[in-house]
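Engineer: Residues in the sequence shown are numbered from 29 upward in steps of one, following this note's numbering. Before we start, here is the structure in question, set down as structure tokens.
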Amino acid sequence: VVSKWTMRFAIPNEWLTNRSSGPEKVHLFRLEKSNWSEYPVKHEMSVQGLEFFTVDVPGFSFFVITADGVEPVIIPPSQSNTTGDTSGSTGNTSTNPGSGTDGSNTDDTGNSPGAGSGDIAEYSGGGLSLWWFIVPILAILSLGFGGAYFMKTREERQKKMMEVEALDSNDPLYHLQEYIMRALMHGHSPDEIKHKLMGAGWDDIIIEEEIEKSLTRRVG
């Protein structure tokens with residue numbers, strides 16, 4: 029079980045400049061059970077107008093990036109709709125990433141991408157919508173998790189193939205095919221062959237594929 033992931037993200041220099049901020053003032057928050065938890069970020073490099081950062085997180089979730097350290101707040105859905113009165117008494121203008129008020133992040137129904145019926149994250153600051161950062165981060169995490177799972181599965185199968193002592197050879201797959209053909213010729217059933225090869229460390233999917241190929245060649 030993987031308990032920690034390293035995530036990489038980039039922020040335009042212009043976004044920081046507009047907030048009179050710099051890379052050392054960037055903060056990342058992760059949504060954990062309706063609370064925002066901050067994780068320390070590490071500035072890596074500046075490339076072509078982008079500032080690159082890395083951060084260690086425990087897994088997949090929603091993320092918010094700020095440049096001033098102000099923690100986002102959670103408001104109930106019933107309070108997320110405005111009544112048209114913009115003269116609030118707080119003195120701050122809140123940008124709701126799920127409201128689509130900036131006209132740049134809504135679909136044909138007027139809803140924000142990925143917005144659900146749960147709590148809505150609100151960031152006090154204005155400017156570029158936080159969804160421009162949340163959506164790419166979610167996509168990067170999805171690709172990272174999928175790639176890690178694929179590599180782990182492939183390594184495990186390769187390890188099983190190389191650990192077979194009964195079929196030790198420079199070309200183990202060739203000897204596997206030869207073994208299956210000889211076993212079939214001596215009257216052993218596919219289930220018997222599969223059971224013995226799995227005991228030697230071979231992957232069941234590879235065994236089934238090679239048995240099917242051998243049976244097809246015999247019929248042909």
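Using N, Cα and C, we set each Cβ at its ideal position, and we do this for glycine too. No experiment lies behind these values; they were computed from the predicted model shown.
Output the distance between the C-alpha atoms of M213 and E236, rounded to the nearest integer angstrom.
Structural biologist: Residue mapping note: residue 213 aligns to position 185 of the sequence shown, counting from 1. Residue mapping note: residue 236 aligns to position 208 of the sequence shown, counting from 1. Taking the straight line joining both Cα atoms gives about 17 Å.
Engineer: Pick from L201, S48, A228: whose alpha carbon is nearest that of E238?
Structural biologist: Numbered from 1 along the sequence shown, position 210 holds the residue referred to as residue 238. Checking every option, the nearest Cα to that of E238 belongs to L201.
Engineer: Between the alpha carbons of W43 and K180, how many angstroms are there, rounded?
Structural biologist: Indexing the sequence shown from 1 puts residue 43 at position 15. Indexing the sequence shown from 1 puts residue 180 at position 152. Their Cα atoms are separated by approximately 38 Å.
Engineer: Determine the direct distance from the alpha carbon of E79 to that of L59, and round the result to whole angstroms.
Structural biologist: On the sequence shown, residue 59 is found 31 positions in, with the first residue counted as 1. On the sequence shown, residue 79 is found 51 positions in, with the first residue counted as 1. So the alpha carbons of these two residues sit roughly 23 Å apart.
Engineer: Measure the CB-CB distance between G77 and P51 and report whether it falls below 8 Å.
Structural biologist: Taking the sequence shown and counting its residues from 1, the one referred to as residue 77 is at position 49. Taking the sequence shown and counting its residues from 1, the one referred to as residue 51 is at position 23. Their beta carbons are not under 8 Å apart, which means G77 does not touch P51 by this criterion.
Engineer: For the putative contact between P68 and K32, defined by C-beta atoms under 8 Å, what is the C-beta separation to the nearest angstrom?
Structural biologist: Translated into positions along the sequence shown, residue 68 becomes position 40. Translated into positions along the sequence shown, residue 32 becomes position 4. Rounded, the Cβ-Cβ distance is 13 Å, inconsistent with contact.
Engineer: Rounded to a whole number of angstroms, what is the C-alpha to C-alpha distance between A211 and E184?
Structural biologist: To locate residue 211, count along the sequence shown from 1; it is residue 183. To locate residue 184, count along the sequence shown from 1; it is residue 156. C-alpha separation (whole angstroms): 26 Å.
Engineer: Compute the distance between the beta-carbons of L56 and V75, then report whether it is under 8 Å.
Structural biologist: Start at 1 with the first residue of the sequence shown, and residue 56 comes out as number 28. Start at 1 with the first residue of the sequence shown, and residue 75 comes out as number 47. Not in contact: L56 and V75 (Cβ atoms no closer than 8 Å).
Engineer: Classify K32 as helix, strand or coil using the three-state DSSP reduction.
Structural biologist: Along the sequence shown, one-based indexing puts residue 32 at 4. Note: K32 maps to coil in three-state DSSP.
Engineer: According to DSSP, is S242 part of a helix, a strand, or is it coil?
Structural biologist: Sequence index remark: in the sequence shown, residue 242 carries index 214 (1-based). Helix, per DSSP.
Engineer: For the candidate residues I221, I93, R36, G229, whose alpha-carbon lies nearest to that of E240?
Structural biologist: If you number the sequence shown from 1, residue 240 lands on position 212. The residue with the shortest Cα to Cα distance from E240 is I221.
Engineer: For F81, tell me which candidate among M35, S49, I234 has the shortest Cα-Cα distance.
Structural biologist: Position 53 of the sequence shown, counted from the first residue, corresponds to residue 81. Taking only the C-alpha atoms, the option nearest F81 is M35.
Engineer: What is the residue span of the alpha helix (DSSP H) that D219 lies within?
Structural biologist: The sequence position of residue 219 within the sequence shown is 191, counting from 1. Looking at the DSSP string, the run of the alpha helix (DSSP H) that includes D219 is 218-227.
Engineer: Leaving aside the five residues before and after S89 along the sequence, list all residues of the same chain whose C-beta is less than 6 Å from its C-beta, in chain order.
Structural biologist: Along the sequence shown, read from residue 1 onward, the residue named residue 89 stands at position 61. Here the set comprises R58, L59.
Engineer: With DSSP as the reference, label P40 as helix, strand or coil.
Structural biologist: For this step, residue 40 is matched to residue 12 along the sequence shown. Looking at P40 - three-state DSSP - the assignment turns out to be strand.
Engineer: Could you give the residue range of the beta strand (DSSP E) that holds H71?
Structural biologist: In the sequence shown, residue 71 corresponds to position 43, counting from 1. Residue range 69-75 is occupied by the beta strand (DSSP E) that includes H71.
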